[in-house]
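Per the numbering used here: the sequence shown = residues -3 to 326.
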Amino acid sequence: MITSKVSTLVNSLPSNQAFLIRCQSTLAERMKRAVGKGSYESEEDQRHRLEEQIDSQGEQFRELYVMPKRKLNAQIQLERMTGRAEQPKYSHPDIHDRLAVRRPRAEEMSPDQDWPTVWPAAATYRSSVVPLPIRMGSRKHPEKRAPFKRVGNLELLKIPNFLHLTPEHIKRHCEAIKRTSLRDPRARTNTIEVKLNSFGFNEHDKEKFRHLVGNRYNEEKDTVTIVTDRCYTRKQNRDYADFLLTALYFESKKLESWEEQKLRDDSIKVEFAGSKIEKRIIELVEKVAKSAAAEDDDTKIPPAAEAIKNNEGGEKAILQHPTVKEFAET
């Protein structure tokens, strides 16, 4: 119904009037302005036109035109037709271009491929390079379905791989390290050997020093050997060894309160003086001397008991006898 009325109205008007009505369209004006062929109305004409447009409540109609961020298709076509825009160039698919795409490297590798050149250093797993049928992942029914394949498997990317540490890799690394090097680790090792008698220790200091150095003391040579190789340079190791000797010296000189509670079992050597063996020897010699004196037989008196018979010192004389002293030293 509306279409028939509009067509009747347009047919009743002259052709030039119908053309003017079409030109009053806002879209047509925008199109002309985009192409650069439209005439812009003045501010006074625009204000007058807006004042005449009133809505049902008597308020002026505020025109709102939201310009899209992209160009309209009609505007793009007009720009291309007028030469203001370039015609797009579409690439036609070529079978030779598709055949030129290389297959994955893993499919082209030979069994005797030099693997260290393919994977020289640590890198993330790439299925197109590694020609191994690796699978990883979990499924709901593992007895029915195998884990996921290597292609597009993200689980293989999460974990570190050791493809750069094969026996051939390690062999080449060792050969490269064997070359001439200016830094020899053996050059930084420092050894100090000192005589224990040169410190001037007494018995307490000497025994404590031996406890501190442990197996670094050689009893046959009476020397202490300290080897330092922790630091990076020889001078640093030398200074560290001097510091250790200084600390050992002053710690050995100290006498702590807990050292007074030392027992005979804590000694490094078994001491003859004050031991049970010493008491038994004295008792045995005295007993033999008394029995010989009771029988008035001087031939049965041992050499160590002659001092007791002559009252020349008793126990001290027995301990000073060469035979007893030799036994005590052993």
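All C-beta atoms in this analysis are idealised placements derived from N, C-alpha and C, irrespective of residue type, glycine included. Quick caveat, the model's predicted, so the values are computed rather than measured.
task = Give every residue of the same chain whose Cβ lies closer than 6 angstroms to the Cβ of Pro143, excluding the five residues on either side of it in the sequence, and list them in chain order.
result = Arg131, Met132, Gly133
query = Should the stretch 201 to 219 be regarded as contacting the stretch 167 to 176, the criterion being three or more beta carbon pairs within less than 8 angstroms?
reply = no
ask   = Which residue spans inside the stretch 37 to 77 form an unbroken alpha helix (DSSP H) run of at least 4?
value = 39 to 48, 69 to 77
query = Does the beta carbon of Thr185 fall short of 7 angstroms from some heavy atom of the ligand FMN?
reply = No copy of the ligand FMN occurs in the structure displayed, which carries no ligand at all.
key: According to DSSP, residues forming a beta bridge with Asn214   = Thr219
task = Tell me whether Thr185 is buried or exposed, calling it buried when 16 or more other Cβ atoms sit within 10 Å of its Cβ.
result = exposed
ask   = With a CB to CB cut of under 7 angstroms and the five nearest residues on each side skipped, what residues in its chain are close to Arg135?
value = Arg141, Pro143
key: beta strand (DSSP E) segments (min. 3 residues) lying fully within the stretch 141 to 200   = 186 to 191
request  = Would you grab the beta carbon distance between Ser248 and Leu208 for me? Rounded to a whole angstrom, and I think it's under 8 angstroms.
outcome  = 7 angstroms
query = Could you check where the alpha helix (DSSP H) with Gln232 kicks off and where it finishes?
reply = 230 to 249
request  = Could you please give the first and the last residue of the uninterrupted alpha helix (DSSP H) stretch that includes Ala102?
outcome  = 101 to 104
ask   = Do you know offhand how far Ile17's Cα is from Arg43's?
value = For Ile17, the pLDDT reaches just 45, beneath the cut-off of 50, and the residue's location in the model is therefore unreliable, although a value from the coordinates is still provided. Cα to Cα, Ile17 sits roughly 20 angstroms from Arg43.
ask   = With a CB to CB cut of under 6 angstroms and the five nearest residues on each side skipped, what residues in its chain are close to Glu353?
value = Past the edges of the chain, shown from -3 to 326, lies residue 353, and the structure says nothing about it.
key: 7 angstroms Cβ shell around Leu244 - same chain, five flanking residues per side excluded   = Phe205, Leu208, Val209
ask   = Going by DSSP, which residues form a beta bridge with Thr224?
value = Asn186
ask   = In chain order, what residues of the same chain lie with their CB nearer than 8 angstroms to the CB of Glu233, ignoring the 5 residues before and after it?
value = In the sequence under discussion, the amino acid at residue 233 is Asn, which differs from the Glu named in the question. Contacts found: Arg184, Thr185, Asn186, Thr224, Asp225, Arg226, Cys227.
task = Determine the burial state of Arg146: buried for a count of at least 16 other Cβ atoms within 10 Å of its Cβ, exposed for fewer.
result = buried
inquiry  = Do Ala81 and Ile72 have their beta-carbon atoms positioned less than 8 angstroms apart in this structure?
reply    = yes
request  = Measure the Cβ-Cβ separation of Arg94 and Ser124 and say whether it is below 8 angstroms.
outcome  = no
request  = Under 8 angstroms by Cβ, that's how I've got His160 and Ala96 pegged, so tell me the actual separation to the nearest angstrom.
outcome  = At roughly 31 angstroms, the Cβ-Cβ gap does not stay under 8 angstroms, so His160 and Ala96 are not in contact.
Continuous alpha helix (DSSP H) stretch holding Pro112: start and end = 111 to 114
key: Element boundaries [alpha helix (DSSP H), containing Asp328]   = Within the shown structure, residues of the chain are numbered from -3 to 326, placing residue 328 beyond reach of any answer.
ask   = Taking buried to mean at least 16 other C-beta atoms within 10 Å of its own C-beta, is Gln121 buried or exposed?
value = Note that residue 121 is Tyr in the sequence shown, not Gln. It counts as buried.
inquiry  = Within the continuous alpha helix (DSSP H) that includes Asp93, where are the two ends?
reply    = 91 to 95
query = By the 10 Å Cβ neighbour count, where 16 or more other Cβ atoms means buried, how is Val190 classified, buried or exposed?
reply = exposed
query = How should Leu150 be labelled, buried or exposed, when 16 other C-beta atoms within 10 angstroms of its C-beta is the threshold for buried?
reply = exposed
key: For Pro116, the nearest candidate out of Glu103, Asn157, Lys67 (CA to CA)   = Asn157
inquiry  = Taking the alpha carbon of Pro127 as the reference point, which residue from Val114, His137, Arg182 has its own alpha carbon closest?
reply    = Val114
inquiry  = Taking the beta carbon of Val220 as the centre, do at least 16 other beta carbons fall within 10 Å, making it buried, or is it exposed?
reply    = buried
request  = Compare the Cα-Cα distances from Leu60 to each of Leu23, Arg182, Leu74, Asp238 and report the closest residue.
outcome  = Leu23
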